[in-house]
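Asks:
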Amino acid sequence: MITVCLNGHPRIGHELRCRQCNEPFEIIPEKKFTEKIDKNFDYVSDWVTLGEVQTPIVKINGNLLFKLDYFSPTYSYKDRGARNLISYMYSKREELNIEKINEDSSGNAGSSIAAYGARAGFETSIYVPSNANPKKLNQIESYGAHIIKVNGSRDHVQEEAENAPGFYASHILNPEFRDGIRTLAYEIFLQGKMPDNIFVPISAGTLLSGLHSGLMHLYNSGEITKLPVIVGVQPENISPLCSLVNGNKYNPDNNLSSIADALVSKRPLLMKYMVRIMESGNMCISVSENEIIKARKDLAMKGFYTEYSSATVFAAYEKYHPEGSSMLVLTGNGLKN
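The sequence shown begins at 9 in the working numbering and counts up one residue at a time.
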């Protein structure tokens, strides 16, 4: 493994931003892919587990598949990243003197970090916006984590968590979290034929970057000969990436939100990474609030109960039917709403 920033500068220790250019880091696998999935993460020596399994893929019709990634310990795909990050921290707990960890999250990442943090025996504090989803806060508290509500913007929440005493277990800035989401690409590959298109919701960029990294690892290892097109989806109300790559104006309004409450990152720290991924043959689609609401109802009528943020991918698929086969990654359980 090598860990470098967007500009290719190496990570010296365990810093979250490059000392030369202040960009976040990414982990790039150097060894070839192995079907023993955990062996693809050689920087983890002690795994923290909650009994994860490969999440199911359901064929809807000839060209449409659903990947039910809410079949996870905390009912969200974020468990992929949390398992990897917390396992890395647990492996380094003595070297880095980790006992207390802090995270900032609107809900799902906080739940995942709280659950895996509890399993590892860490004292965990989750910093949340003052208007965070109460159901998600209840889930975080159930794992014994401390909740600290912060007034102001998402940036203020992050600042409070980063400056608090303890290890900052950011799911955005710690490359080990994003790197854990490589497992999504590996599972899709191991469970059958790689689809032509993979639809994923986008907010901070952890899912997009992790999936892309996993696909590139498979491609560079010679396991696949063609990369699927990643179709990223954002709510129209909060669509910084889609607006930028599609040439549309975007003026973030701090008072504007979305019913897709897991997709509310207005100034994502990983924007440069996401743009680079989009420019390599992928695409971004935005969907309206009404389209999201309808998509969630339509999914439920098919038997799939998702949160609104997950339903964005079905709304986008209904709006844009690409050629070939498509897999929609359903990222969060409807009980979270």
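All C-beta atoms, glycine included, are put in the ideal place defined by N, C-alpha and C.
CA-CA distance, residue 58 and residue 79?
Replies: 12 angstroms
Asks: Whose C-beta lies closer than 8 angstroms to the C-beta of residue 73 among residues of the same chain, with five residues either side of it excluded?
Replies: 65, 66, 67, 203, 333, 334, 335 and 336
Asks: Give the straight-line distance between the Cα atoms of residue 303 and residue 103, rounded to the nearest whole angstrom.
Replies: Their Cα atoms are separated by approximately 47 angstroms.
Asks: Between which two residues does the beta strand (DSSP E) holding residue 205 run?
Replies: 205-209
Asks: What residue range does the beta strand (DSSP E) around residue 168 cover?
Replies: First-last for residue 168: 162-171, but that is the alpha helix (DSSP H), not the beta strand (DSSP E).
Asks: What first and last residue would you give for the beta strand (DSSP E) that runs through residue 78?
Replies: Neither: residue 78 is in no beta strand (DSSP E) and is coded neither H nor E.
Asks: Out of 330, 184, 237 and 249, point me to the one whose CA is closest to residue 37's CA.
Replies: 184
Asks: Using CA atoms only, rank isn't needed, just tell me which of 200, 201, 218 and 199 is closest to residue 208.
Replies: 218
Asks: Could you pull out every residue in the same chain whose Cβ sits closer than 8 angstroms to the Cβ of residue 260, ignoring the five residues on either side in sequence?
Replies: The answer, listed in chain order, is 246, 248, 274 and 275.
Asks: Check the C-beta distance from residue 162 over to residue 137 and give it rounded, since I have them as a contact under 8 angstroms.
Replies: 6 angstroms
Asks: Could you check the C-alpha separation between residue 190 and residue 222 for me, to the nearest Å?
Replies: 4 angstroms
Asks: DSSP state of residue 340, grouped into three classes?
Replies: strand
Asks: Quick check: residue 344 and residue 315, are their CB atoms within less than 8 angstroms of each other?
Replies: Against a cut-off of 8 angstroms, the Cβ pair of residue 315 and residue 344 comes out as a contact.
Asks: Can you have a look at residue 308 and say buried or exposed, based on whether 16 or more other CB atoms are within 10 angstroms of its CB?
Replies: Classification for residue 308: exposed.
Asks: Given a cut-off of 8 angstroms, decide if residue 156 and residue 119 are closer than it, judged by their beta-carbon atoms.
Replies: no
Asks: Sort 195, 55 and 238 by Cα distance to residue 61 and report the nearest one.
Replies: 195
Asks: When DSSP builds the beta bridges, which residues end up paired with residue 112?
Replies: As computed with DSSP, residue 112 is found in a beta bridge with 135.
Asks: Let me check one thing: in DSSP terms, what residues is residue 157 bridge-paired to?
Replies: 136
Asks: Which residue wins for smallest C-alpha separation from residue 285, given the options 253, 145 and 142?
Replies: Checking every option, the nearest Cα to that of residue 285 belongs to 253.
Asks: Report the residue from 9, 51, 47 and 239 whose alpha carbon sits nearest the alpha carbon of residue 325.
Replies: 239
Asks: Extract the residue ranges of the beta strand (DSSP E) inside the stretch 224-291, only unbroken runs of 3 or more that lie entirely within it.
Replies: Given a length threshold of 3 residues, each whole run of the beta strand (DSSP E) inside the stretch 224-291 is given here in chain order: 237-243.
Asks: Evaluate residue 40 with the Cβ neighbour count: other Cβ atoms within 10 Å of its Cβ, from every protein chain shown; 16 or more gives buried, anything less gives exposed.
Replies: exposed
Asks: List the whole-angstrom C-beta distance separating residue 177 from residue 93, where the pair is believed to meet the contact cut-off of C-beta under 8 angstroms.
Replies: 6 angstroms
Asks: Which residue marks the beginning of the alpha helix (DSSP H) containing residue 184, and which one marks its end?
Replies: 183-188
Asks: On a Cα-Cα basis, can you pick out the residue from 188, 180, 311 and 115 that is closest to residue 153?
Replies: Checking every option, the nearest Cα to that of residue 153 belongs to 115.
Asks: Pairs of beta-carbons, one from the stretch 226-243 and one from the stretch 40-55, closer than 8 angstroms: are there three or more?
Replies: yes
Asks: Would you list the one or two residues that DSSP bridges to residue 36?
Replies: 10
Asks: Which two residues bound the contiguous beta strand (DSSP E) that contains residue 66?
Replies: 65-69
Asks: For the alpha helix (DSSP H) that contains residue 53, what are its first and last residues?
Replies: First-last for residue 53: undefined, no H or E at that position.
Asks: Along the alpha helix (DSSP H) that carries residue 320, what are the first and last residues, could you check?
Replies: 316-327
Asks: When the Cα atoms are used, what is the spatial distance from residue 256 to residue 216?
Replies: 21 angstroms
Asks: May I have the straight-line CA-CA distance separating residue 90 from residue 142, to the nearest angstrom?
Replies: The alpha-carbon atoms of residue 90 and residue 142 are separated by roughly 21 angstroms.
Asks: For residue 243 versus residue 294, is the C-beta spacing smaller than 8 angstroms?
Replies: yes
Asks: Would DSSP call residue 216 helix, strand or coil?
Replies: helix
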